[in-house]
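Numbering-wise, this note's numbering puts 375 at position 334 of the sequence shown, and it's gapless, one number per residue.
Even for Gly, the Cβ is constructed at its ideal location relative to N, Cα and C.
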Amino acid sequence: MSAQSVELCPLYISGKWQFPNDKQTSAVYNPSRGEMIASVPLCGPAEVELAVASAAAAFPAWRDTPPNDRAQVMFRAKMMLEDQFDELCLGISTEHGKTLSEARGDLRRGIEVVEYACGVPTLLMGESLENIARGIDCHTDRHPLGVVVGICPFNFPALVPMWMWPLAIACGNTFVLKPSERVPLTMQRIVAILEKAGLPAGVMNIVHGGREVVDALLEHPQVRAVSFVGSTPVAREIHRKATANGKRVQAAGGAKNFIILMPDADVERTVSAVKDAAFGCAGERCMAGSTAVAVGDAGANLLPALAEQVAAMKVGPTDIASVQPDMGAVISAEHKKRVQGLIDQGEHAGARLLTDGRKTHVSDAPNGFFLGPTVIDHVECDNPLMEQEVFGPVLAVMRASTLEQAIALANRQAFGNGAAIFTNSGKAAREFRREVSAGMVGINVGVPAPLAYFPFSGWNDSFFGDLHIQGREGVEFYTQRKTTTTRWFSFGDGEIWAK
Ligand code: NAD
Numbered sequence: 042m043s044a045q046s047v048e049l050c051p052l053y054i055s056g057k058w059q060f061p062n063d064k065q066t067s068a069v070y071n072p073s074r075g076e077m078i079a080s081v082p083l084c085g086p087a088e089v090e091l092a093v094a095s096a097a098a099a100f101p102a103w104r105d106t107p108p109n110d111r112a113q114v115m116f117r118a119k120m121m122l123e124d125q126f127d128e129l130c131l132g133i134s135t136e137h138g139k140t141l142s143e144a145r146g147d148l149r150r151g152i153e154v155v156e157y158a159c160g161v162p163t164l165l166m167g168e169s170l171e172n173i174a175r176g177i178d179c180h181t182d183r184h185p186l187g188v189v190v191g192i193c194p195f196n197f198p199a200l201v202p203m204w205m206w207p208l209a210i211a212c213g214n215t216f217v218l219k220p221s222e223r224v225p226l227t228m229q230r231i232v233a234i235l236e237k238a239g240l241p242a243g244v245m246n247i248v249h250g251g252r253e254v255v256d257a258l259l260e261h262p263q264v265r266a267v268s269f270v271g272s273t274p275v276a277r278e279i280h281r282k283a284t285a286n287g288k289r290v291q292a293a294g295g296a297k298n299f300i301i302l303m304p305d306a307d308v309e310r311t312v313s314a315v316k317d318a319a320f321g322c323a324g325e326r327c328m329a330g331s332t333a334v335a336v337g338d339a340g341a342n343l344l345p346a347l348a349e350q351v352a353a354m355k356v357g358p359t360d361i362a363s364v365q366p367d368m369g370a371v372i373s374a375e376h377k378k379r380v381q382g383l384i385d386q387g388e389h390a391g392a393r394l395l396t397d398g399r400k401t402h403v404s405d406a407p408n409g410f411f412l413g414p415t416v417i418d419h420v421e422c423d424n425p426l427m428e429q430e431v432f433g434p435v436l437a438v439m440r441a442s443t444l445e446q447a448i449a450l451a452n453r454q455a456f457g458n459g460a461a462i463f464t465n466s467g468k469a470a471r472e473f474r475r476e477v478s479a480g481m482v483g484i485n486v487g488v489p490a491p492l493a494y495f496p497f498s499g500w501n502d503s504f505f506g507d508l509h510i511q512g513r514e515g516v517e518f519y520t521q522r523k524t525t526t527t528r529w530f531s532f533g534d535g536e537i538w539a540k
């Protein structure tokens with residue numbers, strides 16, 4: 042399909058869908074078909090100026106809207122998201138390539154943040170102490186910041202933006218969203234729902250593009266805070282630039298999550314959980330279990346069954362609701378090539394392929410960006426597969442003799458998002474939980490991604506900032522406290538009323 046014949050994604054500014062003039066565009070694909078389905082304008086400072094001005098103009102009235110009324114908009118949005126759930130999920134599968142059941146998880150987890158944001162009157166409550174000195178009382182309350190910005194990655198078209206805007210808006214801020222230029226359509230549909238749910242014009246705005254539009258957002262003096270989720274090099278850079286410009290920042294980066302397999306782990310449940318952790322969303326998850334460390338006999342106990350089940354996984358298109366595979370496509374032809382290349386290098390470095398997904402062919406979608414699931418064993422620390430985030434359907438397996446060695450392998454890499462252990466030993470689980478250098482830990486849980494009321498608490502090179510996304514930390518991030526100390530002078534009995 043040519044660029045002329047596909048939908049151009051509009052910006053959303055001051056409550057109006059609009060198209061910028063003369064902008065270069067970037068293609069949006071259906072990864073299952075390898076077909077272009079839309080394009081996004083690559084915006085810059087001029088569009089950022091309009092979007093931030095719109096958000097700044099809407100802020101005073103939205104800030105003064107009682108939290109109860111802001112919560113009502115969230116309630117209505119939640120109901121409308123439920124009504125359009127199936128349609129939205131098919132859209133997620135189509136622009137991303139993940140299966141429908143994975144798309145349901147993507148949107149469901151996002152709706153849970155909206156539900157959490159419905160409790161904003163309680164979440165915003167302050168603290169008070171009467172009589173801190175004779176006749177003097179003190180209380181704190183939370184105030185929104187103003188215009189805040191969200192910059193998103195491609196891998197969760199609904200969930201990641203929904204980590205941001207529901208809490209930011211419910212807390213009384215106004216928002217400028219920069220969706221991933223690779224999956225802009227889902228948030229376009231969700232913002233249309235917000236409009237129908239009664240969100241006033243200017244409270245939510247969308248701009249599109251890549252580095253240029255992001256830089257303009259980071260430099261804009263009226264932007265108070267930046268939420269970013271994406272790869273580590275970009276997260277580090279966003280944090281550096283935005284803090285240098287005096288903004289509050291939370292920047293979540295990439296990951297390399299280790300799963301420790303102990304010899305006493307339950308074979309059936311562990312194999313099923315590891316398969317899901319490694320190959321769910323074709324490995325394009327910041328919480329993907331991308332490296333397993335088999336301790337002692339765990340390799341012999343678990344790997345044959347794992348390889349057998351992985352080899353039986355069906356890969357295929359996800360954009361037809363009635364026909365769903367076990368795993369969908371990766372995001373782009375370039376990404377497919379990159380992952381294939383990393384598997385080649387991993388093999389050349391001496392690792393052994395238990396399953397090989399490099400040449401997987403899907404006959405009913407021959408142009409799709411498909412890779413089969415790959416399990417590659419005996420990966421050593423200096424293997425190229427260990428040097429970076431692969432972000433594809435590849436499970437690297439390392440070997441260790443003891444739990445201490447396995448934890449040391451996990452801790453020698455720079456990331457620190459998630460880590461999991463599969464064991465029947467409480468002692469091993471406790472040691473792992475205490476020693477592993479990661480912010481989200483799973484014990485017999487392969488993808489320990491926290492729900493909306495807990496922080497998404499990555500460590501090390503997986504997070505730059507102080508306050509994490511979601512939960513109470515999310516509320517703190519999007520608000521500032523005011524502490525008021527009060528004394529009322531006495532004018533003597535009856536003096537006030539006597540006037
Ligand atoms: P990415 O870093 O390429 O892009 C993320 C966003 O940043 C996009 O909106 C993009 O337009 C923008 N961007 C890209 N390069 C930029 C630059 N040089 N300057 C300014 N902005 C730039 O990430 P991606 O490929 O879209 O997403 C995958 C990555 O996101 C993976 O590394 C994954 O681990 C990570 N991720 C992390 C979490 C988490 O919670 N830690 C969650 C989801 C995804």
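For Phe100, there is no enclosing beta strand (DSSP E); the enclosing alpha helix (DSSP H) has its first and last residue at Pro86 to Asp105. Remark: the C-beta of Lys219 is in contact range of ligand 1, defined as less than 7 Å to any heavy atom. Ranked by Cα distance from Arg150, the first of Phe126, Glu375 and Pro51 is Phe126.
Taking a contact to require three or more Cβ pairs closer than 8 Å, the stretch 438-448 and the stretch 349-356 do not qualify as touching.
Fewer than three beta-carbon pairs drawn from the stretch 277-294 and the stretch 94-106 are found closer than 8 Å, and the two stretches are therefore not classed as touching. Asp182 has Lys523 as its beta-bridge partners, per DSSP. Runs of the alpha helix (DSSP H) lying entirely within the stretch 441-476, each at least 4 residues long, are 444-452 and 467-476 in chain order. Of all C-beta pairs linking the stretch 488-497 to the stretch 152-167, three or more are shorter than 8 Å, placing the two stretches in contact. Judged by DSSP in its simplified three-state form, Thr284 adopts helix. The residue among Phe410, Ala87, Gly187 and Thr227 with its C-alpha nearest the C-alpha of Arg145 is Thr227.
Going by DSSP, Trp204 is part of the alpha helix (DSSP H) stretching over Leu200 to Ala211. Burial of Ser221 is indicated by the presence of at least 16 other C-beta atoms within 10 angstroms of its C-beta. Short note on Ile247: C-beta not closer than 7 Å to any heavy atom of ligand 1. Val89 and Pro274 have their C-alpha atoms some 23 Å from each other.
With contact defined as three or more Cβ pairs closer than 8 Å, the stretch 68-77 and the stretch 241-256 are not in contact. Per DSSP, the unbroken beta strand (DSSP E) holding Asp418 starts and ends at Thr415 to Asp418. Of all C-beta pairs linking the stretch 375-386 to the stretch 334-347, fewer than three are shorter than 8 Å, placing the two stretches out of contact. Apart from sequence neighbours up to five positions away, the residues of its chain that approach Glu517 with a beta-carbon distance below 7 Å are Leu508, ordered along the chain.
Bounds of any beta strand (DSSP E) do not take in Arg74, whose DSSP letter is neither H nor E. Non-local C-beta neighbours of Thr66 in its own chain, meaning closer than 8 Å and more than five positions away in sequence, comprise Ala44, Leu49, Ser80, Val81, Pro82 and Leu83, ordered along the chain.
Burial of Arg223 is indicated by the presence of at least 16 other C-beta atoms within 10 angstroms of its C-beta. Counting C-beta pairs closer than 8 Å gives fewer than three between the stretch 302-314 and the stretch 429-437, which falls short of the contact rule. The three-state secondary structure of Gln291, taken from DSSP, is strand. In this structure, DSSP gives Met427 a helical state, which the three-state scheme calls helix.
Within the DSSP bridge table, the entry for Arg393 names Asp418 as partners. Beyond the five residues adjoining it in sequence on each side, Ala68 comes within less than 6 Å, by CB distance, of Met77 and Ser80 in the same chain, given in chain order. In this structure, the straight-line span from the alpha carbon of Ala323 to that of Tyr53 is close to 31 Å.
For Met245, the secondary structure class from DSSP, reduced to helix, strand or coil, is strand.
When only Cα atoms are considered, Met439 and Ala392 end up about 9 Å apart.
Rounded to the nearest angstrom, the Cβ distance from Pro489 to Gly459 is 5 Å, consistent with a contact under 8 Å.
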